[in-house]
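Here is the structure we will look at.
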Amino acid sequence: VKVDCGYRIDLLAEGKVIIEVKSVNRLEPIHEAQLLSYLKLSGCKIGLLINFNVQVVKVLKNGVGRLVLGFQE
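For the record, in the sequence shown the residue sitting at position 53 is 845 according to the numbering used here, with numbers rising by one throughout.
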């Protein structure tokens, strides 16, 4: 998947899932907006936003979020 406008996707799994990796104190709305932009520009439907800077490393689920383009929760 080529996103040809200065953006750089961190990881792309099977050409279908964009994985955006962060190491920040907490995930902010701008991080979700960045992943959403990657989804829209690439045509992919699913993205994972992973923050490796979580207090309890054993429970990484606190640092993982999933976005599905066009899906309202």
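Backbone N, C-alpha and C define an ideal beta-carbon position, used for all residues, glycine too.
These numbers were taken from a predicted model, which means no experiment stands behind them.
**Message:** In this structure, how does DSSP classify K814 when only helix, strand and coil are distinguished?
**Reply:** strand
**Asked** Grouping DSSP H, G and I as helix and E and B as strand, with all else coil, what is I801?
**Response** coil
**Prompt:** Which residue comes first and which comes last in the alpha helix (DSSP H) that contains L831?
**Reply:** P821 to S834
**Beta carbon of E812 nearer than 7 Å to that of L841** = yes
**Prompt:** From N817 to H823, what does the alpha carbon distance come to, in whole angstroms?
**Reply:** 12 Å
**Message:** Buried or exposed for S834, going by 16 or more other Cβ atoms inside 10 Å?
**Reply:** buried
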